[in-house]
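Here's the structure we're looking at; comments come further down.
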Amino acid sequence: MVKRFKAGISAEVTARTEGGQRLIVATQNVQRLRIARSDVPMVDASRSIVLLLDGQPLEWTAGSKVEEFERSENGRWQPAPREP
Numbered sequence: 001m002v003k004r005f006k007a008g009i010s011a012e013v014t015a016r017t018e019g020g021q022r023l024i025v026a027t028q029n030v031q032r033l034r035i036a037r038s039d040v041p042m043v044d045a046s047r048s049i050v051l052l053l054d055g056q057p058l059e060w061t062a063g064s065k066v067e068e069f070e071r072s073e074n075g076r077w078q079p080a081p082r083e084p
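Our numbering puts the sequence shown at residues 1 to 84.
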């Protein structure tokens, strides 16, 4: 977890893999999240991953350099450039 929506309130992230190429992530009070693809136990790391962030499906392609995702105020997740 990189950034919370509301400071002073606890944040939570849970993640699990399902069926080899699916990563399911549920969050509470998380605005920005970093996921190191190399740390995700997948069957075939050279293939795309179906990433479900709070129920929102995203395709995380094998060659992608994206490691951070940001949620807007309306709840939509999107890939985000890495903050320094």
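In this text, a Cβ means the ideal position worked out from N, Cα and C, and glycines have one as well.
> Hey, does T27 have any beta-carbon neighbour from chain D nearer than 8 Å?
Replying inline: Annotation note: the requested chain D is absent from the structure, which comprises a single protein chain.
>> Among F69, L52, A62, whose alpha-carbon lies nearest the alpha-carbon of E18?
In response: Minimum Cα distance to E18 is reached at L52.
> So which of Q78, G63, Q21, L33 has the shortest CA-CA distance to E12?
Replying inline: Considering only alpha carbons, the answer is L33.
> Out of curiosity, what's the CA-to-CA distance linking E70 and G20?
Replying inline: For the pair E70 and G20, the Cα-to-Cα distance works out to about 24 Å.
>> Given this structure, state the Cα-to-Cα distance separating A26 from T14, to the nearest angstrom.
In response: In a straight line, the C-alpha of A26 is about 5 Å away from that of T14.
> Which one of G75, S72, R37 has the shortest CA to CA distance from R22?
Replying inline: The residue with the shortest Cα to Cα distance from R22 is R37.
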